[in-house]
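Under my numbering, the sequence shown is numbered contiguously, ending at residue 539. Quick notes on the structure that follows.
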Amino acid sequence: MESNVRVRFAPSPTGPLHIGGVRTALYNYLFAKKHNGTFILRIEDTDQTRYVANAEKYIVDALKWCNIPFDEGPQKNEKFGPYRQSERKDLYKKYANILLEKGWAYYAFDTSEQLDTERKGHEEKGKTFIYNWHNRQKGRLVNSLILSEDEVQKRINSGDKYVIRFKTPQDEVLILEDEIRGTIKIDTNTLDDKILFKSDGMPTYHLANIVDDHLMEISHVIRGEEWLPSLPLHTLLYKAFGWSAPKFAHLPLILKPVGKGKLSKRDGDKLGFPVFPLAYKNEVSGDVSRGYKEDGYFNDAFINMLAFLGWNPGTERELFSLEELVQEFDLKRVSKSGAKFNPDKTKWFQQQYMQTKSDVELTDLFIPILEEKGISIDKNYIQKVIASIKERAVFVNDFWALSSFFFVTPSEYNAKNVKKNWKEGTPDLMQELIKVISLIEDFSSENIEKVIKEWISSKEIGFGKVMQPLRLSLVGKLAGPHLFDIIAMIGKEKTIKRLENAIKKL
Ligand code: GLU
34 MESNVRVRFA PSPTGPLHIG GVRTALYNYL FAKKHNGTFI LRIEDTDQTR YVANAEKYIV
94 DALKWCNIPF DEGPQKNEKF GPYRQSERKD LYKKYANILL EKGWAYYAFD TSEQLDTERK
154 GHEEKGKTFI YNWHNRQKGR LVNSLILSED EVQKRINSGD KYVIRFKTPQ DEVLILEDEI
214 RGTIKIDTNT LDDKILFKSD GMPTYHLANI VDDHLMEISH VIRGEEWLPS LPLHTLLYKA
274 FGWSAPKFAH LPLILKPVGK GKLSKRDGDK LGFPVFPLAY KNEVSGDVSR GYKEDGYFND
334 AFINMLAFLG WNPGTERELF SLEELVQEFD LKRVSKSGAK FNPDKTKWFQ QQYMQTKSDV
394 ELTDLFIPIL EEKGISIDKN YIQKVIASIK ERAVFVNDFW ALSSFFFVTP SEYNAKNVKK
454 NWKEGTPDLM QELIKVISLI EDFSSENIEK VIKEWISSKE IGFGKVMQPL RLSLVGKLAG
514 PHLFDIIAMI GKEKTIKRLE NAIKKL
């Protein structure tokens, strides 16, 4: 049964979604699902100057890849739609007017030059200019609190540019509640009269956000810490409208792996990891940013890693499927302090998930890579290869480097290994070994091992003298899984050919 828990992820389409944004979406999703609620996507595109055309598609694609689909949003169950603020434009003016009528807002006609002069004047005196009760009625600022009604109408009718500002009450202490941070007290005298409605006919984020959260019946606002400073204004707006406010939870910042501050794209570029879920091409500069998907991460590993950036289940356990995260997630276990991003830990999650994938699933991912190399081989064979290399793989893209010798004869031999292990007597020994191998009938790994080891013992020479050159001949270097498994896998004929090849080439 659906509950009345309704949460929204409300990104502004200004570019690709940073992993901080994805984490906000994820926590909203987990919270919604845990409480049988509804997860909503709302596109907050009222700032036309920062609008980027392909960003909304990117956001939708990213949520899809992360496997955290929204229940309502653009083109989906538009019960409270539209879900794009630019398409709700006409609605907001009505609400700005309500605040004007109630005396919670006022028109301001100050030009940006006038405001700059004010700002500079304050700075010269070592003060900061705040547009609020300190100065809004002192005469230097031009607004409907000091102009006559006639004058205000005249200015509006003649097309004078205006904004609508919120009239912050004076001398009040706001007691704010945050699900993660607890009680926060704010003196309203420190707040400025934020613009609610802009001269371009668009609402600002603050007005649109509150109106939509109310109309869309949002029960919990779960968003990044950077919006905490807006909480006093938002709380006042609910009061001004006479609406009950949703509950708020402000998530901790995701911090740089080294040094101080918020994780940025630059940190990723510098240290070599993506900060976006999907690769992103900037249409203006042509720059392409890396994405976790394209870098080869599994979406479930990525999500598990993200879940732990600011939350923990209170136990040592770290691996959780999405369903398990839904069960475990609790805002009470979200930390107040910032979460340091750890690229190594991200890889660790990926490696753990690699081990949990079935050989069949991984085989399907490996086949296209093999096909590109012109290799088409029985699926069962590939599955066996996967089983023997999986442990050492982090990404699907590692498979080839870890297993090429299962498919092709080495084209080169590691020079250092050759120098150390391919000695004068080696070719003769390998010739003899070819004979031994050609006589083996039961070509199972265990039997091959038994026969070759017995032969080495009978010759009374060190194992390494045979085993190392043999491995070099088959693999091209001293690496790879259990040697007798490789021999059994590639078969008698290929083993002998590779030995002959090495004798010829080395
Ligand atoms: N549009 C805001 C953003 O881009 C949403 C903040 C909120 O969730 O209230 O993050």
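We treat Cβ as the ideally placed atom computed from N, Cα and C, and that holds for glycine. This one's a predicted model, so the numbers in the text were calculated from it and none came from an experiment.
Residue 75 sits in coil when the DSSP states are folded into three classes, being neither helix nor strand. Pairing residue 283 with residue 38 gives a Cβ-Cβ distance that is not under 9 Å. In the displayed model, residue 174 falls within coil according to three-state DSSP, outside both helix and strand. The C-beta distance from residue 415 to residue 435 rounds to 13 Å, too long to fall under 8 Å, and the pair is not in contact. A distance criterion of 8 Å places the beta-carbon of residue 45 in contact range of the ligand GLU, judged by its closest non-hydrogen atom. For residue 280, no alpha helix (DSSP H) encloses it; the enclosing beta strand (DSSP E) starts and ends at 280-284.
Under a 10 Å Cβ-count criterion, residue 141 is classified as buried, with 16 or more other Cβ atoms of the shown protein chains found around its own Cβ. Apart from the 5 residues on each side of it in sequence, residue 83 sits with its Cβ closer than 8 Å to the Cβ of 45 and 47 in its chain, given in chain order. The C-beta distance from residue 356 to residue 346 rounds to 14 Å, too long to fall under 8 Å, and the pair is not in contact.
In the structure shown, residue 343 adopts coil according to DSSP, grouped into three states. Taken in chain order, the complete alpha helix (DSSP H) segments of 4 or more residues contained in the stretch 260-306 are 264-274 and 298-304. Within the DSSP bridge table, the entry for residue 221 names no partner. Boundaries of the alpha helix (DSSP H) around residue 155: 145-157. Within the same chain, 446, 450, 451, 454, 455, 511 and 535 come within 7 Å of residue 505 by CB-CB distance, once the 5 residues on both sides are set aside. Here the stretch 286-294 does not lie against the stretch 267-278, with fewer than 3 beta-carbon pairs under 8 Å apart. The stretch 461-472 makes contact with the stretch 525-533, as at least three CB pairs between them are under 8 Å. For residue 316, no beta strand (DSSP E) encloses it, and the DSSP letter there is neither H nor E. For residue 257, the enclosing beta strand (DSSP E) begins and ends at 253-257. Taking the Cβ of residue 238 as the reference point, at least one heavy atom of the ligand GLU falls within a distance shorter than 8 Å.
Judged by DSSP in its simplified three-state form, residue 65 adopts helix. Collapsing the DSSP output to three states places residue 526 in a helix. Short of 6 Å from the beta carbon of residue 63, and not among the five residues preceding or following it, lie these beta carbons of its own chain, in chain order: 358, 359 and 362.
Taking 9 Å as the cut-off, the beta carbon of residue 523 is found no closer than this to the beta carbon of residue 503. Between residue 322 and residue 308, the gap from beta carbon to beta carbon is short of 9 Å. Around the Cβ of residue 383, a 10 Å sphere holds 16 or more other Cβ atoms; the residue is buried.
Under DSSP, the beta-bridge partners assigned to residue 40 are 72 and 253. Beta-bridge pairing by DSSP links residue 329 to no other residue. Cβ contact annotation for residue 339 (same chain, cutoff 7 Å, sequence separation greater than five): 52, 55, 56 and 59, in chain order. The beta-carbon distance between residue 221 and residue 202, rounded to whole angstroms, is 5 Å. This is short enough to meet the 8 Å contact definition. Taking the Cβ atoms as the reference, residue 387 lies roughly 14 Å from residue 418, outside the contact range of under 8 Å. Not one heavy atom of the ligand GLU falls within 8 Å of the beta-carbon of residue 332. In the three-state DSSP reduction, residue 57 falls in the helix class (H, G or I).
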